[in-house]
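J.: Just so we're aligned, residue 4 is where the sequence shown starts under the working numbering, counting upward by one. My structure is below; once you've seen it, I'll send some questions.
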Amino acid sequence: MSVTHAALLRGINVGRGNQLPMEVLRQVATDLGWTDVATYIRSGNLVFGARGGARQLAQALSEGLHERTGLDLAVVVLTRTQVVALDEDCPWPDVEDLRHVHALVFADPLPEAAAEAVAEAVAEARGKGSPDEAVVRGRVVYVRTPDGMGRSVLFPLLDRPAMRRRAGTGAGTARNLATVRKLRAMVEG
């Protein structure tokens, strides 16, 4: 079996919390019977071959990691086709610095309330002089941060719990466009 999916883990190896060695992630995936297992950088990007639905695979990986490490991690699983679309649907494909565009990915398509909440967050950021932009497409909020993520006014507004409640979403996980393109190359083989 070839690579069929990518798993994106939220909030690992950021600062001191939720430390997860990539070899442990690969081993848990292998123990689940998945094939062609590979990781990319330390931020919880896994590609693999497996049968099953995305939600089922995400739950299996989350439970396997909890059993092995005690960590409760949110996992979003995408099919190969969804990884390709994650790149192709980006509204800023020709941005000069790929690290300044992020895909904030959720497990499910976002409700209409999410687009409204994102538009309000963009307006709030613009009111503070920010050049940041955001667009909702399906299960993804694409965010362009011309001054970089560390200086973004918009991104912290999008990731706060009150915004997620208003939008009717759980926590998403973000990847910059450079990582998205690397994952695409990995799933396309």
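Cβ coordinates follow ideal geometry from the N, Cα and C atoms, glycine included. Small disclaimer: the values here were computed from a predicted structure and weren't measured.
Would DSSP call P109 helix, strand or coil?
T.: Walking along the sequence shown from the start, residue 109 turns up at place 106. The sequence given here places Phe at residue 109; Pro does not occur at that position. If DSSP states are grouped into helix, strand and coil, F109 belongs with coil.
J.: From T82 to R178, what does the alpha carbon distance come to, in whole angstroms?
T.: Working through the sequence shown from its first residue, we reach residue 82 at position 79. Working through the sequence shown from its first residue, we reach residue 178 at position 175. Looking at the two C-alpha atoms, the distance is approximately 16 Å.
J.: Helix, strand or coil for V156, going by three-state DSSP, please let me know.
T.: Numbered from its first residue, the sequence shown carries residue 156 at position 153. The answer is coil: DSSP assigns V156 none of H, G, I, E or B.
J.: Based on the DSSP secondary-structure assignment, which residues constitute the bridge partners of R147?
T.: For this step, residue 147 is matched to residue 144 along the sequence shown. V104, E136, per the DSSP bridge assignment.
J.: Relative to the alpha-carbon of E26, which residue among E115, L76, T42, R13 has its alpha-carbon at the smallest distance?
T.: In the sequence shown, residue 26 corresponds to position 23, counting from 1. Nearest option by C-alpha distance: T42.
J.: Look at the alpha carbon of F109 and the alpha carbon of R19, and state the distance between them as a whole number of angstroms.
T.: Residue numbering aside, residue 109 sits at position 106 when the sequence shown is read from its first letter. Residue numbering aside, residue 19 sits at position 16 when the sequence shown is read from its first letter. Each residue's CA atom was taken as its position, placing F109 and R19 some 24 Å apart.
J.: For P112 and Y145, which I take to be in contact (beta-carbon distance under 8 Å), what is that distance rounded to the nearest angstrom?
T.: Position 109 of the sequence shown holds residue 112. Position 142 of the sequence shown holds residue 145. So it is not a contact: roughly 14 Å between Cβ atoms.
J.: Between the region 99 to 106 and the region 175 to 189, can you find at least three pairs of beta-carbon atoms closer than 8 Å?
T.: yes
J.: Within the continuous beta strand (DSSP E) that includes G52, where are the two ends?
T.: Counted from its first residue, the sequence shown places residue 52 at position 49. Its beta strand (DSSP E) spans residues 48 to 52.
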